[in-house]
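Colleague: Below is one structure. I have some questions about it.
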Amino acid sequence: MHTNSYYIKRVMCASVTTLTFSTKTENLIGKPYQIVNTEEEDDGDPVVNVCDSQIYCQGPILAAANLFGLYNDSKDYVDQPLKDYPNITLKSFNDTFLDPQTGLYNYTNVTLKSWIDAHFLPPGDELDNCTEILIGWTDKPEKLSSRIADPELREWAFKLHGIWKELCKKISANVANHSELHSLIPVPNEFIIPGGRFREFYYWDTYWVIKGLLASELYKTAENVILNLVSMLHKLGFVPNGGRVYYEKRSQPPFLIPMVYEYYENTGNKTFLQMVLNDLDTEFNFWQTNRSVVVNINGTDHTVYRYNTPSNVPRPESYKEDLATAKNFTSNAARKQLWRNLASTAESGLDFSTRWFKDHLTLSTIETTNIVPVDLNALLCWNMNLMEYLANEAGNTSMSAHYHYLRSNFTNTFDTIFYNQEGAWFDYHLENKAQRYCAANDTSCFYPAIAVPLFASCYRDVDLRKPEKLFLFINNTGAFNYAGGVPASLIQNSNEQWDFPNGWPTLNHMIIEGLRKSENPIAQEQAFQIARKWVLSNYRVFNATGHMWEKYDVIDPLPHPGSGGEYVVQDGFGWTNGVILDLLMHYGDRLFINDCTKDSTSSDVDASNINLILVLFMGTFVVYFKL
Ligand SMILES: OC[C@H]1O[C@H](O[C@H]2O[C@H](CO)[C@@H](O)[C@H](O)[C@H]2O)[C@H](O)[C@@H](O)[C@@H]1O
1 MHTNSYYIKR VMCASVTTLT FSTKTENLIG KPYQIVNTEE EDDGDPVVNV
51 CDSQIYCQGP ILAAANLFGL YNDSKDYVDQ PLKDYPNITL KSFNDTFLDP
101 QTGLYNYTNV TLKSWIDAHF LPPGDELDNC TEILIGWTDK PEKLSSRIAD
151 PELREWAFKL HGIWKELCKK ISANVANHSE LHSLIPVPNE FIIPGGRFRE
201 FYYWDTYWVI KGLLASELYK TAENVILNLV SMLHKLGFVP NGGRVYYEKR
251 SQPPFLIPMV YEYYENTGNK TFLQMVLNDL DTEFNFWQTN RSVVVNINGT
301 DHTVYRYNTP SNVPRPESYK EDLATAKNFT SNAARKQLWR NLASTAESGL
351 DFSTRWFKDH LTLSTIETTN IVPVDLNALL CWNMNLMEYL ANEAGNTSMS
401 AHYHYLRSNF TNTFDTIFYN QEGAWFDYHL ENKAQRYCAA NDTSCFYPAI
451 AVPLFASCYR DVDLRKPEKL FLFINNTGAF NYAGGVPASL IQNSNEQWDF
501 PNGWPTLNHM IIEGLRKSEN PIAQEQAFQI ARKWVLSNYR VFNATGHMWE
551 KYDVIDPLPH PGSGGEYVVQ DGFGWTNGVI LDLLMHYGDR LFINDCTKDS
601 TSSDVDASNI NLILVLFMGT FVVYFKL
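Mapping of the sequence shown onto full-length UniProt numbering: residues 1 to 627, in sequence order.
Structural data, given as C-alpha cells:
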C-alpha cells in the first residue's frame, strides 16, 4: 500500500465503482493530495490553490465527485449551494466515508452521489429573476424601432431584447448573508448571465452584453452591471474571470474600461464617470503590475503583457478534464506547469485553441505563459487610449497626461514587437525570442487575434496602409470565405471550441468593428459583408432552433450551432444577443432578410467578392488621390 503518495485506486464491482484514496488523513484536508506526489522532492514551486474553500476549490469532496465522474458537466458540482456550513459538511463527509484505522476513504459512486444530494442544493438555486427591476424597460425600444429597416429583423431584435429578462439575475438575500454556503460571489446589483451552464457574470462577455443593453436603452442596468465589476475591484483588486470563487485567481480580457467608455458615450453621465475613474485606474494597474513582462529587442527593454495566473492546480469547474490532460505527466513540476497554462488560457477567454499549443494540435503541449498575445496587448493599448480620454472628460488632467504618455510609448513597443512588414501583427514567443510569424498560405497562421489591433485602434491614424494590408493578408488566408462568418482559426480537427469550424460572436464583432472603424473603403465593405453573413445566419439558426447560441459553425451553408471543447454548446446567450443588437444599430438600414432566403451562401460569397473588387478599385483610387 502506498501511503502519503499520489496513488488512486479504482475497483470496478458490478455497476458500482469503489474509490479508495491511499493517503493519510492529514494529507486529505487542505492539500491538493490528489494531485501532488508527496514522495517527490519539493520542486520549489509551491502549490497555489484557486481559493481557500475546502468545498469548491480543493478538498476530498471536489476530488471524489470528479474522480468518480459523477457529473456529466464538472461545473455542476461547484455550482451547488451547501445546505450546511463547510466545516460541518466536511466533518459529515469524513464521518461517513473515512476509515480512521486505515486513513482511507471508502465509498461507491452510489453512496457518494446520495451523500452529495443530501448535502447540496441544485446548481443555480441561489439566483432570483429580476424582471421587476429592469428600470426603463419598454417592449419596443425606440433605437431598435427606428434603426432597423427590415420588419422581420426588427421583430427578431425585439425578441432578443426580450431575452434580457430571462438572462437578468439577482443574487438571493441568502448568498450575501451566508456566502460560505455558496460558490457565487455576492454582488450588489442585478447582472446578465450568458445562459445555460453559465449561471454567473463573466468578465469579457459583459462588454458585449453592455453593447446590447445600450441598444436596448437599458442604461440603468448597464450602469449596475458595471458597478458589480467595480465591486470586484474593491474586493479582489481585479475583475475575476466570472462571479464564482473558483474564478478568483484569474481575470479575463481587460474590457472594463471599454465598457465604461461605451456607457459614457451613450449617456454622457459624467457623475458616474467621476465616481469610477480611480477604479478604472486600479484595473489598468492590475495588468501593469501582475501580467507584464519585459522583452529586450536590440538592447531596448519593452514592457508587454501576457495571460499568467499564479494558480497551478486543476480548474475546479473542469477538474476531471484537467486531471485527464495531465495523465501522462510524470512529475509534480510538469503537472503544475500544465495547470497554470490551462488556467492562464482560461484567462485569455479563448479556452481552448490550437493557438496556445506548441504543436498547434495537442492540448497537453499548451504553452500560453510563453506567448505574448497580440490581442491582449492591443486591448491594453486601447485601454490606455480610453483612459486618456475618460480621465480628461472627468476633469483629471494629470491622470489623462499619464495615460497619454503610456500610450505614446506603447505604440512604438507594439509596432516593434508585434508588427510584421508582411502586413499583419503576430504573437511574440518569449522563449524563442521571436515573433510567431507565418505566411498567409500556412493554415496555422490565421487567428482573429491578428485583427484586434484594428479594433483597438493601436496604430497611428496616419498609417492608412496598415488596415488595407491587414485586410489583404487575412483575405489571402481564405478566412473571409466562409458562409456564416469568420472562423476562430483555420486549423481543422482540433476539436477545441476556439478553432475551426466555430465562429464566435466576440471575434466576428471585433473583426467587423476593426474593419469598419478603419478609414479604408475596402476594409469597410468587408466589414459589412461579414456583418451580413453573421446576422443572417444567426437569424436562420434562431428560426430553426428557437435559440441564440454561444458559437456557430460558420462553414456549413446551412448554419447551425457550434461544437467541440469541454462542454456542449450553450444557448442563451448574453454576448451573442449583444453582438446582434449592436450590429443592427450599425447596419440595420442596409440589412434585409431576403438577402438570405436563397440557400446558397456560396453565391453570397461570390456577390460579396464582386462588391469587394469594385470597392478595391475605388479604394485604390481613393488612396492614389490622397497621395
Ligand atoms: O468551464 C470551462 C470554462 O468555461 C468558461 O469559458 C467559456 O465560457 C465563458 C462564458 O461565456 C467565456 O467567457 C469563455 O470565453 C469561454 O471559453 C470560463 O470562462 C472558463 O474559465 C472555464 O474554465
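Glycine included, each C-beta is placed from N, C-alpha and C at the ideal position.
From a predicted model like this one, the values you see are computed outputs, not experimental measurements.
Less than 8 Å between the beta carbons of residue 251 and residue 207, yes or no?
Modeller: No, the pair does not count as a contact, with Cβ atoms beyond the cut-off.
Colleague: Inspect the beta-carbon positions of residue 567 and residue 335 and report whether they are closer than 8 Å.
Modeller: Not closer than 8 Å, so no.
Colleague: Measuring straight from C-alpha to C-alpha, what distance separates residue 169 and residue 509?
Modeller: Cα to Cα, the separation comes out at about 25 Å.
Colleague: Going by CA-CA distance only, name the one from 211, 368, 298 that's closest to residue 505.
Modeller: Here the closest residue by C-alpha is 211.
Colleague: Report back the beta-carbon spacing between residue 424 and residue 450 to the nearest angstrom; my notes put them in contact at under 8 Å.
Modeller: Yes, residue 424 and residue 450 are in contact; Cβ-Cβ is about 5 Å, under 8 Å.
Colleague: Answer yes or no: do residue 126 and residue 171 have a C-beta to C-beta separation smaller than 8 Å?
Modeller: In this structure, residue 171 lies closer than 8 Å to residue 126 by Cβ.
Colleague: Quick test of the definition: if touching needs 3 or more C-beta pairs under 8 Å, does the segment 513–529 touch the segment 453–469?
Modeller: The answer is yes - the segment 453–469 touches the segment 513–529, with three or more Cβ pairs under 8 Å.
Colleague: Using the rule of at least 16 other Cβ atoms within 10 Å of the residue's Cβ for burial, across every protein chain shown, is residue 552 buried or exposed?
Modeller: Classification for residue 552: buried.
Colleague: What is the DSSP secondary structure of residue 486, counted as helix, strand or coil?
Modeller: Residue 486 falls in the coil class under three-state DSSP.
Colleague: For residue 402 and residue 273, I'd like the C-alpha separation in whole angstroms.
Modeller: Rounded to whole angstroms, residue 402 to residue 273 spans 18 Å at the Cα level.
Colleague: Taking the alpha-carbon positions, what's the residue 248 to residue 535 distance?
Modeller: Between residue 248 and residue 535, the C-alpha separation is close to 35 Å.
Colleague: Could you tell me if residue 234 is buried or exposed, where buried requires 16 or more neighbouring beta carbons within 10 angstroms of its beta carbon?
Modeller: By the neighbour-count rule (16 or more Cβ atoms within 10 Å), residue 234 is not buried but exposed.
Colleague: Exposed or buried, what is residue 497 when buried is set at 16 or more other beta-carbons lying within 10 Å of its beta-carbon?
Modeller: Counting Cβ neighbours within 10 Å, residue 497 comes out buried, since at least 16 surround it.
Colleague: CB-CB under 6 Å to residue 578, same chain, minus the five flanking residues each way: which ones, in chain order?
Modeller: Counting only Cβ-Cβ distances below 6 Å, and skipping sequence neighbours, we find 208, 209, 211, 212.
Colleague: Do you know how far the Cα of residue 287 is from the Cα of residue 295?
Modeller: Going from the Cα of residue 295 to the Cα of residue 287 covers about 16 Å.
Colleague: What are the start and end residues of the beta strand (DSSP E) that includes residue 168?
Modeller: Counting along the chain, the beta strand (DSSP E) containing residue 168 begins and ends at 168–171.
Colleague: Assuming residue 315 and residue 371 make a contact with CB atoms under 8 Å, what is their CB distance in whole Å?
Modeller: Contact flag wrong, Cβ pair sits at about 19 Å.
Colleague: Is residue 346 close to ligand 1? I mean its beta-carbon at under 7 Å from any heavy atom of the ligand.
Modeller: Under cutoff, so the answer is yes.
Colleague: Taking the alpha-carbon of residue 571 as reference, which of 96, 45, 193 has the nearest alpha-carbon?
Modeller: Nearest of 96, 45, 193 to residue 571, Cα basis: 193.
Colleague: If distances are taken between C-alpha atoms only, which option among 134, 83, 133 comes closest to residue 120?
Modeller: Cα-wise, what sits closest to residue 120 is 83.
Colleague: Give the C-beta separation of residue 411 and residue 381 to the nearest angstrom, bearing in mind that I take them to be a contact with Cβ-Cβ under 8 Å.
Modeller: Indeed they touch by this definition, with Cβ atoms about 7 Å apart.
Colleague: For residue 244, name the three-state secondary structure that DSSP assigns.
Modeller: Strand, per DSSP.
Colleague: Would you mind sorting residue 527 into buried or exposed? The rule is 16 or more other CB atoms within 10 Å of its CB.
Modeller: Buried.
Colleague: Let me know if residue 398 comes out buried or exposed under the rule of 16 or more other beta-carbons within 10 Å of its beta-carbon.
Modeller: Its Cβ having fewer than 16 others within 10 Å, residue 398 is exposed.
Colleague: Exposed or buried, which one is residue 224 when buried takes at least 16 other CB atoms within 10 Å?
Modeller: With 16 or more other Cβ atoms within 10 Å, it is buried.
Colleague: Assuming residue 156 contacts residue 539 (C-beta within less than 8 Å), just tell me the rounded distance between them.
Modeller: About 6 Å separates the two Cβ atoms, so the contact holds.
Colleague: Taking contact to mean at least 3 C-beta pairs separated by less than 8 Å, is the segment 41–52 in contact with the segment 326–344?
Modeller: Output reads yes: the segment 326–344 touches the segment 41–52.
Colleague: Under 7 Å from any heavy atom of ligand 1, does the C-beta of residue 494 make it?
Modeller: False, no ligand heavy atom lies under 7 Å from that Cβ.
Colleague: Which one or two residues does DSSP pair with residue 554 in a beta bridge?
Modeller: In the DSSP output, where bridge partners are listed per residue, residue 554 has none listed.
Colleague: Does the beta-carbon of residue 135 have 16 or more other beta-carbons within 10 angstroms, so that it is buried, or is it exposed?
Modeller: Residue 135 is exposed by the Cβ-count criterion.
Colleague: Any heavy atom of ligand 1 within a distance shorter than 7 Å of the CB on residue 566?
Modeller: Yes, ligand 1 has a heavy atom inside 7 Å of this Cβ.
Colleague: Starting from residue 296, trace the beta strand (DSSP E) in both directions and tell me its first and last residue.
Modeller: Residues 292–297.
Colleague: Who pairs with residue 301 in a beta bridge, going by DSSP?
Modeller: Beta-bridge pairing links residue 301 to 296.
Colleague: Excluding the five sequence neighbours on either side, which residues of its own chain have a C-beta within less than 8 Å of the C-beta of residue 255, listed in chain order?
Modeller: Contacts found: 203, 204, 206, 207, 379.
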